[in-house]
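Here is the structure we will look at.
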Amino acid sequence: MSKFKKQQGNYILKNKEKLLNKKRKIKFIKRGIFLFIVLISVLITLCLNLSYFDIASITVKGNENLTKEEIIEGSNIKVGENIFTVKANKAISSVKENPYVITSHVKRKFPNEIIVTVKERKAAFYSKLNDEFYIIDNEGIILDKKKNIENPNLVRLEGINLSNPTLGSEIPVENKKKLKDINTLSDIIYDYNSKDENVKITMIELNNFLDIKIHCNNNVYIKIGTDDDIPEKLAKAFSILKDKQLKNMKGYIDVSFDGNPVIYKQD
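Following my numbering, the residues of the sequence shown are numbered contiguously, the last one being 276.
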């Protein structure tokens, strides 16, 4: 009996020692966690209050139509604001509210710089309603409303419905295929007008879907007809426009049918 009690006593002593060691470890871990939390809290407080992390500059990249100031204002990020308090996702959403902006990205460059990168829509056309001009991109999105046209490279669009224009929305069309045609014409005309050519495309008539016309700045217009094979038709017309003998020509070039184009010279 005494032997059993002795064994029992040894067992209790051993387990008591284990329990004490376990308690010491738990206490050590708790103390370590507490110190870690205190350290993190101190670091956060320092980061939020040190002027070292106040925004000194905001860099804007990718903008062509919008000014740096317009994008910064749209982001709601201020110089002097703490870099850690900037709400990047909110700034991105705010910038994208501008119809010109397709995508935006906000990056922190420590210790005190913000970089805002945007991808913009390409202003390609304009259309007039009453005394105002509406800027339209290559996909038929209404980007802006202005009192005058400052960009000489924009091409006028005629024959579209602008009775109730909304910035950031597509121009209302009865046939979605017309938007596709606008996109196709935009790419081709942009490439042509960007070259050093004397003759520039200035207007597209879409009044009649079966009789599309493209006007140039030298009193010549191109009859495309339907929207079939637009690239091929325009390639023929552009090669004719380059002919120096037709430099002062007034009239039209008809490429609306298969075969050789018809050139009509007005007296």
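Don't be surprised by glycine CBs; every beta carbon is placed ideally from N, CA and C.
Checklist entry - Beta-carbon separation of Gly149 and Leu188 under 7 Å? => result Indexing the sequence shown from 1 puts residue 149 at position 140. Indexing the sequence shown from 1 puts residue 188 at position 179. Going by C-beta atoms, Gly149 is nearer than 7 Å to Leu188.
Checklist entry - Just how far apart, CA to CA, sit Ile124 and Gly89? => result Start at 1 with the first residue of the sequence shown, and residue 124 comes out as number 115. Start at 1 with the first residue of the sequence shown, and residue 89 comes out as number 80. Answer to the nearest angstrom: the Cα atoms are 15 Å apart.
Item to check | Unbroken stretches of the alpha helix (DSSP H), 4 residues or longer, contained in the stretch 29 to 84 | outcome: 77 to 84
Next on the checklist: Cutting at 8 Å between CB atoms, please list the residues of its own chain near Thr94, excluding the five before and the five after it.
Outcome noted: As a first step, residue 94 must be located in the sequence shown, where it is residue number 85. These residues qualify, in order along the chain: Leu57.
Item to check | Cβ neighbours of Arg117 in the same chain (closer than 6 Å, five flanking residues each side left out) | outcome: Taking the first residue of the sequence shown as position 1, residue 117 is located at position 108. Result list for Arg117: Ile92, in chain order.
Checklist entry - With DSSP run on the structure shown, which of helix, strand or coil describes Lys222? => result To locate residue 222, count along the sequence shown from 1; it is residue 213. Note: Lys222 maps to strand in three-state DSSP.
Next on the checklist: Looking at Ile221: is its Cβ nearer than 7 Å to the Cβ of Ile233?
Outcome noted: Along the sequence shown, read from residue 1 onward, the residue named residue 221 stands at position 212. Along the sequence shown, read from residue 1 onward, the residue named residue 233 stands at position 224. The answer is yes: Cβ separation under 7 Å.
Checklist entry - Going along the chain, which residues of its own chain have a beta-carbon closer than 8 Å to the beta-carbon of Gly154, five neighbours each way excluded? => result Taking the first residue of the sequence shown as 1, we reach residue 154 at position 145. Sequence inspection shows Lys at residue 154; the Gly mentioned does not correspond to that position. Excluding positions up to five away in sequence, the list reads Glu141, Phe142, Tyr143, Ile144, Pro174 and Leu176.
Checklist entry - Smallest Cα separation from Gln275: which of Asp190, Asn227, Lys128 and Ile67? => result Stepping through the sequence shown from its first residue, residue 275 is reached at position 266. With distances taken between Cα atoms, Gln275 lies closest to Asn227.
Checklist entry - Per DSSP, which one or two residues make a beta bridge with Ile145? => result Position 136 of the sequence shown, counting from 1, holds the residue named residue 145. Answer by DSSP bridge pairing, in chain order: Phe134 and Ile151.
Checklist entry - Can the beta-carbon of Thr235 be found closer than 7 Å to that of Leu255? => result Residue mapping note: residue 235 aligns to position 226 of the sequence shown, counting from 1. Residue mapping note: residue 255 aligns to position 246 of the sequence shown, counting from 1. No, Cβ-Cβ distance for Thr235 and Leu255 is not below 7 Å.
Item to check | Neighbourhood of Gly162 by C-beta distance below 7 Å, restricted to the same chain and skipping five residues each side | outcome: Looking up residue 162 in the sequence shown gives position 153. Just to set this straight, residue 162 is Asn in the shown sequence, not Gly. Cβ neighbours of Asn162 beyond the five flanking positions: Asn202.
Item to check | Boundaries of the beta strand (DSSP E) in which Lys185 is found, first to last residue | outcome: Start at 1 with the first residue of the sequence shown, and residue 185 comes out as number 176. Segment: none, Lys185 is in no beta strand (DSSP E) and carries neither H nor E.
Item to check | Short Cβ contact (7 Å threshold) for Tyr109 with Asn74 | outcome: Numbered from its first residue, the sequence shown carries residue 109 at position 100. Numbered from its first residue, the sequence shown carries residue 74 at position 65. Yes. Within cutoff.
Checklist entry - Of all the options Tyr61, Ile111 and Phe37, which has the alpha carbon lying nearest to the alpha carbon of Asn72? => result Counting from one through the sequence shown, the residue named residue 72 turns up at place 63. Among Tyr61, Ile111 and Phe37, the Cα nearest to that of Asn72 is on Ile111.
Item to check | Inter-residue Cα distance where the pair is Asn207 and Lys137 | outcome: Indexing the sequence shown from 1 puts residue 207 at position 198. Indexing the sequence shown from 1 puts residue 137 at position 128. Straight-line Cα distance between these residues: approximately 26 Å.
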